[in-house]
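Worksheet: one structure, shown below.
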Amino acid sequence: MQIQTADSTLPEVAKPPVPLWFKEAIIYQLHIKTFCDANNDGIGDFQGLLSKLDYLKNLGITAIWLLPFYPSPLRDDGYDISDYYSVNPSYGTLEDFKQFLDAAHDAGLRVITELVLNHTSDQHIWFQKSRRAPKGDPWRGFYVWSDDPSKYSDARIIFKDYETSNWTYDPLAKSYYWHRFFYHQPDLNYDNPEVKSAAFKVLDFWLDLGVDGLRLDAIPYLIERDGTSCENLIETHQVLQELRARIDSKYDDRMLLAEANQWPEDAVAYFGKGNECHMCFHFPLMPRIFMSLHMEDRYPIVDILEQTPQIPGNCQWAIFLRNHDELTLEMVTEEERDYMYHVYARDARARINLGIRRRLAPLLGNNRKKLELIHSMLFCLPGSPILYYGDEIGMGDNIYLGDRNGVRTPMQWNADKNAGFSRANPHSLFLPVNIDPEFHYEAVNVEVQEANLSSFLWWMRRVIAIRKRFPAFGHGDFQMLAPSNNKVLAFTRTYDTQTILVAVNLSRFSQAAELDLQKWIGWTPEDTFGHARFPVIRDGKYPITLGPHSSFWLLLTPPEVAGVADGERHLPVCEFNGDPSWWFSTAGTRFVDRDLTNYVKGCRWFRSKARSILNVNAVDLLVFPGDGVAQLLLVAFNYTEGPRDLYALPVRIVSGDEARKIEVEYPGTVIAKLGKTSGDLLVDATGSEIFQRALLDVVANSRTLAGKLGKLVATKSSRLTEVLKDGPPQTSRILKVEQSNSSVIYDDKIYLKLFRKLDEGINPDLEMTKQLSEKCGFEHVPAYLGDVQYAAPGQEQAALILVQAFTPNVENGWSHTLAAVDRYFERVLSEPQPVAPPPAGLWDEVPEPFRSVIQGVHLETIRLLGERTAEMHLALAQDLESPDFAPEPFSLQHQRSI
Ligand code: NOJ
Ligand code: CA
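Here it is in structure tokens:
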């Protein structure tokens, strides 16, 4: 698991309102009977599910969607309900359900259940009464009856592999009853107000128990009218609005999810004006994700999203890859359907109705890269993602089982009997476990994958953790980018101050693309997984390269004003023309006190942000040799209380290309515009290579620069002469991450630190470096190469510059340690048994089993660090002459003072 450091440098993101929890949800869909069997009768139950709550929580999902668990003859896997108010005894009792609901809530998980309003089982007491009731009797009116089976003939048949008509003759009623699904699932009659009120009571019952969301099964079919498709009718929407109003009058955080397998324009109608369902499945998007992946072309995804209208702000799409049904191909054209069958279901047994009855892993040829890529899309396209149980471990299917049962086999927990799902006789399981050679439960199971940090399960946990960190995925807007390479899908998601750039390579080969990021010039993309920073966005065309079937989620981080977000900073205009005396003129003094102060206050290196400033003035100015190289301003900040601070600010006038480059690369160093139209800028000179060279030149040639008041005095070590024996350095660059000072690196050999705040007297950083490398011969610190002091009459010297040998490093101690802690937790979490914390104490005393968990490599580094620190103290103690360093007895007084 990634250990995340706080994004302290990033703007705060507004907290989304709690009632919109579903917009950030990661939903896990499961059928109670398939998950875990606690009483070992071969059928999963609530007690079994309870025992797996920790697993779900660790996966990172935020909501559980339970498929129907009500009493039912189970001829449509429970969507044929015979009693809305209780629990199928095979799965437990209503008390078990309540216990589960409480435990899920305690674990911070929401629970979504099924509200199958459209139809019941023919075993439901309502239907049994209805079929026996004479025409005109109120019970008869509970269902849709007709003596004429040609009525509503424009309605399509959904289960076309099983049914030939939407009417079935009932010999008892001596009439035909209407059903959109199996013949044993009669449709309720929503033109009858009594049916509506009966359905609303069911809704009240489950919401009052505390259920967080309801999936409204088959919702487009509530009402029938002759001469129509009997889908999406206005009267159906009216029923939904009544239902929503009823919920809103009682609760403010419940959710309705519409199952409307419709084209986008019909599907959005289920959101109404934000007054029908909160969520709705995006059925047409799903097959197009598969098409794009196979075609290696983003067109199908782009096309369907372009056809998808905007939805109200309090609504959200539910997006998914697979579910408990066939991969439905109703929302594609005939050509597209042929394509999908051809590439994803060559075996006719894999086809059912208008779809493909396969699980995700077999559909994608069990290709790990494709599995990762398709989930990467699922987790960042607009909507809340839904995972189907078992897909997080890449479970296989069994297309030899009837109906859609091939994708409903027991969850694979471990390599024990029945995949750890149940201790029952294997013959008694509700469906056989998967023993396909490629997906056999002995290899594909939770236990195996938990023990392997490279497993798909661990990958999924990490991706979910990252997705949850960024509200932009759940709440953000969606802007498609259109790179000319159509194998690359790219878009941005923006919420409040947060923007994520997503780039997906649909191809099995590496791809390059140029992204139009005009809006983000000056921003820096940062990988959301490893925090690696990508090159700054310099102009509209941002080049990006992607490995085969790979993707990036990049957080766009704003330009910095020496670390502070630039935002809409208004640049002041000033009349400075390079004349040093200007700084002390009336205009210059005003500029320093107002505009320059504003600039400095926004700089990360300005340390007195909390103090109240009385006034600010330039106290000295030193001009660097060379035409217009730079001027070093020493600016005094006087506060209402306490002593003043002296800050060093080198400034320079830049124009033309140099000015444009600095505006893009170092926008935070721009202080003012020079004149309204010239395009010339006054900048902090540290970003300019000319000034960087000039700085080193002062030290290398031991120059003394005289200022208006004081002077700069340089000292150098003979080592600097040695480093520069082949001439001045070829390259120089400023270290962008530095915070309280500014540093320049030359040829990766020399490191120059410009102290921003000038403190009179000894500078410990400089003194120690000099002492250790010049006097004590201690080689384990970057060698001292030189320094520059500012000296002025009546005051002590203050260090301005320290020059040292540059020690290239891959990472600093902080991130090195964080990475080790990260690895440690990953290992501990993957241990089958909880690991006790290691005993505190010396390394030699840590028992062997702990050492292997902690892993010695990092501790070895720490040990070495300790050794070096001790050596450093010994080296320092050798100097018996220098008064500042000579060892002193650790007197009682010293001891008391610490
Ligand atoms: C949609 C469900 O997902 C499916 O499993 C069921 O067969 C039909 N509705 C009928 O209830
Ligand atoms: Ca059971």
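In my numbering, the protein residues as written are 910 to 1807. Beta carbons are placed, not taken as given, at the ideal position from N, Cα and C, and that holds for glycine.
| request: With DSSP as the reference, label N1547 as helix, strand or coil. | output: Three-state result, N1547: strand.
| request: Would you kindly report the start and end of the unbroken alpha helix (DSSP H) that includes R1370? | output: Here the alpha helix (DSSP H) through R1370 covers 1365-1378.
| said: Going by C-alpha to C-alpha distance, which of E1140, I1021, D946, P926 sits closest to T971? | reply: That would be I1021, whose Cα lies nearest to the Cα of T971.
| Whole-angstrom Cβ separation of T1498 and N1526, contact assumed at under 8 Å? | Going by Cβ atoms, the distance from T1498 to N1526 rounds to 7 Å, so yes, they are a contact pair.
| field | E1423 - containing alpha helix (DSSP H), residue span | value | In the DSSP assignment, E1423 falls outside any alpha helix (DSSP H) and within the unbroken beta strand (DSSP E) covering 1420-1425.
| query | Identify the residues that DSSP records as bridge partners of L1410: which are they? | reply | Assignment of beta-bridge partners to L1410 by DSSP yields T1401, L1463.
| said: Between which two residues does the beta strand (DSSP E) holding T1145 run? | reply: T1145 -> not in any beta strand (DSSP E); alpha helix (DSSP H) instead, spanning 1143-1159.
| field | Simplified DSSP state of V1697, which is helix, strand or coil | value | Looking at V1697 - three-state DSSP - the assignment turns out to be strand.
| query | Closest by CA to N855, which one among E1735, I952, K1620, L1131? | reply | Missing from the structure shown is residue 855; the chain here goes from 910 to 1807 and no further.
| Would the C-beta of Y1179 count as close to ligand 1, meaning under 7 Å from any of its heavy atoms? | Y1179 Cβ: outside cutoff for every heavy atom of ligand 1.
| field | Continuous alpha helix (DSSP H) stretch holding V1211: start and end | value | In the DSSP assignment, V1211 falls within the unbroken alpha helix (DSSP H) covering 1208-1215.
| request: Return the CA-CA distance between L1272 and A1259, expressed in angstroms with no decimal places. | output: The alpha-carbon atoms of L1272 and A1259 are separated by roughly 10 Å.
| task | Can you tell me the Cβ-Cβ gap for E1235 and R1268, rounded? I've got them flagged as a contact below 8 Å. | result | Actually they do not touch by this definition, with Cβ atoms about 11 Å apart.
| said: I need the straight-line Cα distance from K932 to I1373, nearest angstrom please. | reply: Going from the Cα of K932 to the Cα of I1373 covers about 14 Å.
| query | S980 and N997: beta carbons closer than 8 Å? | reply | Position check: residue 980 holds Pro in this sequence, whereas Ser was assumed. For the pair P980 and N997, the CB atoms are nearer than the 8 Å cut-off.
| message | For a quick check, are the C-beta atoms of L1773 and V1712 less than 8 Å apart? | response | The answer is no: Cβ separation not under 8 Å.
| message | Which residues neighbour ligand 2 when neighbourhood means a C-beta less than 5 Å away from any of its non-hydrogen atoms? List them by chain order. | response | For ligand 2, the selected residues are D946, N948, D950, I952, D954.
| Curious, which full-length alpha helix (DSSP H) runs of at least 4 residues does the segment 1098-1136 contain? | DSSP runs (the alpha helix (DSSP H)) wholly in the segment 1098-1136: 1102-1118.
| task | Quick one: give me the first and last residue of the beta strand (DSSP E) that S1293 is part of. | result | Run containing S1293: 1293-1297, per the beta strand (DSSP E) assignment.
| request: Using a threshold of 8 Å, state whether the C-beta atoms of N1307 and T1318 are closer than that. | output: Yes. Within cutoff.
| message | Between A1169 and ligand 3, is there a pair consisting of the residue's CB and a ligand heavy atom that are separated by less than 7 Å? | response | Looking for ligand 3 in the displayed structure turns up nothing; the ligands present are ligand 1 and ligand 2.
| How long is the line joining the alpha carbons of Q1388 and L1362, rounded to whole angstroms? | One C-alpha to the other measures close to 34 Å.
| field | Range of the contiguous alpha helix (DSSP H) that encloses L1024 | value | Where L1024 is concerned, there is no enclosing alpha helix (DSSP H), although the beta strand (DSSP E) it sits in stretches over 1019-1024.
| Any non-hydrogen atom of ligand 1 closer than 7 Å to H1725 Cβ | Not under cutoff, so the answer is no.
| query | Does the segment 1628-1648 come within contact of the segment 1553-1562, defined as at least 3 CB pairs closer than 8 Å? | reply | Segments in contact, no.
| task | State yes or no: is the C-beta of D985 nearer than 7 Å to some heavy atom of ligand 1? | result | Yes, ligand 1 has a heavy atom inside 7 Å of this Cβ.
| Could you give the residue range of the beta strand (DSSP E) that holds E1356? | Not the beta strand (DSSP E): E1356 falls in the alpha helix (DSSP H), residues 1355-1359.
| task | Would you mind giving the Cβ-Cβ distance between D1502 and N1524, rounded to the nearest angstrom? I have them listed as a contact below 8 Å. | result | Right, the Cβ-Cβ distance comes to about 6 Å (below 8 Å), so this counts as a contact.
| said: Is H1203 a contact residue of ligand 1, with contact defined as CB to any heavy atom under 7 Å? | reply: Checking the Cβ of H1203 against ligand 1 gives no.
| Around the C-beta of R1805, are 16 or more other C-beta atoms found within 10 angstroms, so that it is buried, or is it exposed? | Exposed, by the Cβ-count rule.
| task | For G1616, name the three-state secondary structure that DSSP assigns. | result | Three-state result, G1616: strand.
| query | Can we count Y988 as close to ligand 1, meaning its CB is less than 7 Å from some heavy atom? | reply | Y988: yes, Cβ under 7 Å from ligand 1.
| message | At the level of alpha carbons, what is the spacing between Q1540 and L1681? | response | Cα to Cα, the separation comes out at about 33 Å.
| Going straight from the alpha carbon of A1615 to that of L1727, what length do you get? | Between A1615 and L1727, the C-alpha separation is close to 47 Å.
| CA-CA distance, T1145 and Y1130? | For T1145 and Y1130, the distance between alpha carbons rounds to 7 Å.
| task | Go ahead and pull the three-state DSSP assignment for C1289. | result | Reduced to three states, the DSSP call for C1289 is helix.
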